[in-house]
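A.B. asks: In UniProt numbering, the protein residues as written are 1 to 242.
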Ligand code: HEM
């Protein structure tokens, strides 16, 4: 007889790895972030491999985007001149656009512990896409190109587990961008409505002023008529008296 002490298998000590989450006290993950604390740690660590190769990863992502969605090319300033995608690969335009997207993702991942900041950042970037008539669903077109470019850069470090974490993170990013687009569109609509209302009020005000003036002039005319009638009566009366 005796008692058996149940011990949970410890994967980390079994294979000799130290799980940093067991050593450090980690702050709980913000409920808005769809990652576990461990996944958050893994994406931050894995992203370092991308951050060191940001330019090439970004270019590869955009090349892949245009290879499968050539119709999107002309949405971007300066891309119309490229008939051949290979010429685009070495262009400054592609580098600039790739950097804008990659630096946004970089900042979001680097700030993953401050979800308020991340949501605000992505919201702002989403809003910039409302300058043109942008369908926010288009953001999803870059998902596969992004994942493939990350895979290309990380090579064998791109495991199934890491792929899943990138997918979840990317979807979180796109959702926040879309929220930004929707908020931007609603803000513009509200602004346009407020402007139209202010214009209508100003027009009403103008109409009222005109009406007042017309009535005032009408009163004056009536007074004139009244006083000239009065004069006529006085003249008639005085004529009668004579
Ligand atoms: C994770 C995805 C994306 C991020 C983080 C992102 C980020 C950005 C940023 C930072 C800018 C510059 C904004 C500014 O001028 O202040 C931009 C511009 C733009 N983005 Fe995105 N973007 C993403 C995906 C896409 C996709 C998939 C499309 C098209 C289907 C797109 C279309 C555009 C366009 C048309 C512009 C304006 C470019 C120009 O003026 O030539 N974006 N984007």
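In this text, a Cβ means the ideal position worked out from N, Cα and C, and glycines have one as well.
What do you get for residue 8, buried or exposed, if any count of 16 or more other CB atoms within 10 angstroms of its CB means buried?
C.D. replies: With a pLDDT of only 34 at residue 8, under 50, the local geometry of the prediction cannot be trusted, and no value is derived from it.
A.B. asks: Residue 78 by DSSP, collapsed to three states: which one?
C.D. replies: Residue state, collapsed to three classes: coil.
A.B. asks: Tell me whether residue 41 counts as near the ligand HEM, meaning its Cβ is closer than 8 angstroms to at least one heavy atom of that ligand.
C.D. replies: Because no heavy atom of the ligand HEM lies under 8 angstroms away, the Cβ of residue 41 does not count as near it: no.
A.B. asks: Using 8 angstroms as the cut-off, classify the Cβ of residue 101 as near or not near the heavy atoms of the ligand HEM, replying yes or no.
C.D. replies: Yes, the beta carbon of residue 101 sits closer than 8 angstroms to at least one heavy atom of the ligand HEM.
A.B. asks: Grouping DSSP H, G and I as helix and E and B as strand, with all else coil, what is residue 93?
C.D. replies: Three-state result, residue 93: helix.
A.B. asks: Going by Cα to Cα distance, which pick from 70, 97 and 77 is closest to residue 84?
C.D. replies: Of the listed residues, the one whose Cα sits closest to residue 84 is 70.
A.B. asks: Report the three-state DSSP secondary structure of residue 158 (helix, strand or coil).
C.D. replies: In this structure, residue 158 counts as coil in the three-state DSSP scheme.
A.B. asks: Is it a yes or a no for the segment 51-71 touching the segment 145-154, going by three-plus beta-carbon pairs under 8 angstroms?
C.D. replies: Result yes; three or more Cβ-Cβ pairs closer than 8 angstroms.
A.B. asks: According to DSSP, is residue 214 helix, strand or coil?
C.D. replies: Looking at residue 214 - three-state DSSP - the assignment turns out to be helix.
A.B. asks: Beta carbon of residue 32: closer than 8 angstroms to some heavy atom of the ligand HEM?
C.D. replies: Not under cutoff, so the answer is no.
A.B. asks: Excluding the 5 residues preceding and the 5 following residue 58 in the sequence, name in chain order all residues of the same chain whose CB lies nearer than 7 angstroms to its CB.
C.D. replies: Excluding residues within five positions, the ones whose Cβ falls inside 7 angstroms are 98, 99, 101 and 102.
A.B. asks: Can you tell me which of the three DSSP states residue 87 falls into?
C.D. replies: DSSP places residue 87 in helix when its eight states are reduced to three.
A.B. asks: Classify residue 29 as helix, strand or coil using the three-state DSSP reduction.
C.D. replies: Coil at residue 29, not helix or strand.
A.B. asks: Using a threshold of 9 angstroms, state whether the C-beta atoms of residue 162 and residue 42 are closer than that.
C.D. replies: Yes, the pair counts as a contact, with Cβ atoms nearer than the cut-off.
A.B. asks: So for residue 170, helix, strand or coil by DSSP?
C.D. replies: In this structure, residue 170 counts as helix in the three-state DSSP scheme.
A.B. asks: Within 8 angstroms: the Cβ of residue 75 and any heavy atom of the ligand HEM?
C.D. replies: It does: the Cβ of residue 75 is within 8 angstroms (strictly closer) of some heavy atom of the ligand HEM.
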